[in-house]
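Below is one structure, written out as structure tokens; the observations come after it.
Residue numbers (the UniProt record's numbering): 1 to 116.
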């Protein structure tokens with residue numbers, strides 16, 4: 001099967017790097033878009049101003065995850081998401097960052113005895 005590089009449109013801008021990674025890991029443009037639209041987990045990306053999202057893949061015997069790193073559309077730009085890279089993680093990756101809870105809500109939860 002021949003690999004087709006995804007076309008840039010009004011919603012997504014595809015870098016050459018992500019095209020090479022898609023070819024290497026056997027990922028399609030539709031799979032990348034699906035991960036971005038409905039991720040199971042979202043974290044801050046390694047590069048500044050980026051977002052990394054994950055969706056599980058594989059089977060119960062051989063679990064894996066598909067990760068996509070992208071830059072959210074800027075306020076002044078064309079409103080396109082810049083897809084930077086994508087990769088397939090073998091196994092289940094550890095959670096890197098906890099979701100921050102605002103201090104006032106945390107105090108309220110402690111006061112009500114919901115968390116310790």
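We put the CB at the ideal spot given by N, CA and C, even for glycine.
As the structure is a computational prediction, the values presented were derived from the model and not from experiment.
DSSP on residue i, reduced to helix/strand/coil?
| i | result |
| --- | --- |
| residue 16 | helix |
| residue 21 | helix |
Given this structure, state the Cα-to-Cα distance separating residue i from residue j, to the nearest angstrom.
| i | j | result |
| --- | --- | --- |
| residue 22 | residue 87 | 8 Å |
| residue 66 | residue 32 | 8 Å |
| residue 53 | residue 72 | 12 Å |
| residue 30 | residue 6 | 9 Å |
| residue 78 | residue 64 | 34 Å |
| residue 46 | residue 96 | 11 Å |
The beta strand (DSSP E) with residue i in it runs from where to where?
| i | result |
| --- | --- |
| residue 82 | 81-90 |
| residue 71 | 63-71 |
| residue 95 | First-last for residue 95: undefined, no H or E at that position. |
| residue 42 | 41-44 |
| residue 51 | 50-58 |
Over the uninterrupted alpha helix (DSSP H) stretch that includes residue i, give me the two end residues.
| i | result |
| --- | --- |
| residue 108 | 103-111 |
| residue 34 | 29-37 |
CB of residue i to nearest heavy atom of the ligand ATP: below 7 Å?
| i | result |
| --- | --- |
| residue 92 | The ligand content of the structure shown is nil, which means the ligand ATP is not present either. |
Would you mind working out which of the options sits nearest residue i, comparing C-alpha positions?
| i | options | result |
| --- | --- | --- |
| residue 59 | 110, 50 and 92 | 92 |
| residue 80 | 11, 57 and 3 | 11 |
| residue 51 | 26, 28 and 83 | 83 |
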